[in-house]
Amino acid sequence: MREQVALAMNPDLRLNLERFGPFDFIYERYSLWSYSVMEYAQAMKIPGLLEVNSPLITEQAQHRGLIDRQSAEEVANQVFSAATTLIAVSDAVKTYLMNYVDGSKVHVIPNGVNPHRLSTLRPTTQPETFTVGFVGTLKPWHGLPILTEAFSLLHQRVPNAKLLIVGDGPERENLQRELAAQGLDAHAQFTGAVNPDQVPQLLAAMDVAVAPYAAQSDFYFSPLKVYEYMAAGLPVVVSQIGQLADLIDPEVNGILCPPGDAIALAEALEKLWRSPPLRHTLGQAARQTVIAHHTWDAIAKQILYIASPLPMEVKL
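Each residue of the sequence shown is one higher than the one before, starting from 1399 at the first, in this note's numbering.
See below:
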């Protein structure tokens, strides 16, 4: 019923666009049941840009439940065809979209961050502790069992290590149970869901931040968490997978580990614990990488350039 209701909203959505127009161009984030926005842009002969963050049909079917897959596929064909341009957040998403459209129609623009939101951070951790942090929605694909295993190994060598998990989600109970079974619950803090305004302060409480993804053949993410870690000047340890393998220059602006390798993750964290100067150097280089290439301002310029009917030169 929910799918049918969402699909039935298209005529009303188009009426609202007609009511509030005209527009110079339209930018929409792809959702499973929306097609009227891009068809309206096509009818008005204005650019219609559709941002695609994932192979959403597959993701919905695997993780949330999808009843009418045939209609979802029909909408995908309809909206991808109507859009002037598709904006993919990663090369893997572009590959997925090429099942529907010619690759020349797809531009890859990764996610970004507002560095000013995080620019005033100052270390707030106690010198006698070493805090490993993670920010996210605690979903199965985030690789959090790898993090708890790595933290257990790290804690054997670094008794003052702490684990800070920011966010909430379906894996929280499993993580808490595993940490308690290993006697590590007193060394871990779960904040639960937090307001976005609290994230900068929580990042400031970390000494290192992680994205411990497991091996996946279809890793299509453009992880916002990693861009925010880096913008906050944190040294990062992330899985060498997908877009992250291109973002991180090993030992320059972060550390890469084989996906799913808890031992390698623990060793990388121990290396950073032993060397505060390395943490500082990696964190500063990480922030510079984001400022140079991955701000929302730079991304907006790219989008405006693509949307312009007669693009002018834009210095990014």
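The beta carbon of each residue, even a glycine, is placed where N, CA and C say it ideally should be. Please read all numbers here as calculations on a predicted model, not as lab measurements.
query	result
As assigned by DSSP and simplified to three states, the class of Val-1435	helix
Three-state class that DSSP yields for Gln-1402 in the structure shown	helix
Cβ neighbours of Ala-1480 in the same chain (closer than 6 Å, five flanking residues each side left out)	Met-1436, Glu-1437 and Gln-1440
Spatial neighbours of Val-1499 in its chain, beta-carbon cut-off 6 Å, leaving aside the 5 residues before and after	Phe-1478
Nearest neighbour of Pro-1610, chosen from Ala-1662, Ala-1579, His-1585 and Val-1592 [CA to CA]	Ala-1662
Proximity of Gln-1641 and Pro-1508 at Cβ, strictly below 8 Å	yes
Proximity of Val-1511 and Trp-1694 at Cβ, strictly below 8 Å	yes
Buried/exposed call for Ile-1465, threshold 16 Cβ in 10 Å	exposed
Inside the segment 1571-1622 only - beta strand (DSSP E) runs reaching at least 3 residues	1586-1588 and 1606-1609
Through-space distance from Leu-1680 to Leu-1649, alpha-carbon basis	A quick correction: the sequence has Glu, not Leu, at residue 1649. Spanning the two alpha carbons is a distance of roughly 7 Å.
The segment 1529-1536 contacting the segment 1559-1568, beta-carbon criterion three pairs below 8 Å	yes
Tyr-1426 versus Phe-1617 - alpha carbon distance	The question names Tyr, but residue 1426 is Glu in the sequence shown. Those two C-alpha atoms are separated by around 23 Å.
Residue range of the unbroken beta strand (DSSP E) whose run includes Glu-1561	First, the amino acid is wrong: residue 1561 is Leu here, not Glu. It spans 1559-1564 - the beta strand (DSSP E) in which Leu-1561 sits, taken as one unbroken run.
Residue from Thr-1687, Ala-1690, Asp-1605 and Pro-1656 with nearest C-alpha to Leu-1670	Asp-1605
Coarse secondary structure for Val-1511, derived from DSSP in three states	strand
First and last residue of the uninterrupted beta strand (DSSP E) at Tyr-1425	1424-1427
Own chain partners of Glu-1416 with C-beta closer than 6 Å, once the 5 adjacent residues on each side are dropped	none
Length of the line joining the Cα atoms of Arg-1462 and Gln-1580	31 Å
Under 8 Å between C-beta atoms of Leu-1645 and Leu-1601	no
Rounded C-alpha distance that separates Ile-1717 from Arg-1677	Lying outside 1399 to 1714, the shown extent of the chain, residue 1717 is not represented and no answer is given.
Residue range of the alpha helix (DSSP H) that includes Glu-1449	No alpha helix (DSSP H) holds Glu-1449; the beta strand (DSSP E) holding it covers 1446-1450.
Span separating the alpha-carbon of Thr-1483 from that of Leu-1447	5 Å
Reduced DSSP secondary structure (H/G/I, E/B, other) of Val-1487	coil
Which listed residue (Gln-1402, Glu-1569 and Glu-1576) has its alpha carbon closest to that of Gly-1590	Glu-1569
Pair within 8 Å by beta-carbon distance, Val-1716 and Val-1636	Since the first and last residues shown for the chain are 1399 and 1714, residue 1716 lies out of range.
Residue of His-1553, Ile-1485, Gly-1419 and Lys-1443 minimising C-alpha distance to Ala-1506	The amino acid at residue 1506 is misidentified as Ala; the sequence shows Val. Val-1506 has its Cα closest to that of Ile-1485, out of His-1553, Ile-1485, Gly-1419 and Lys-1443.
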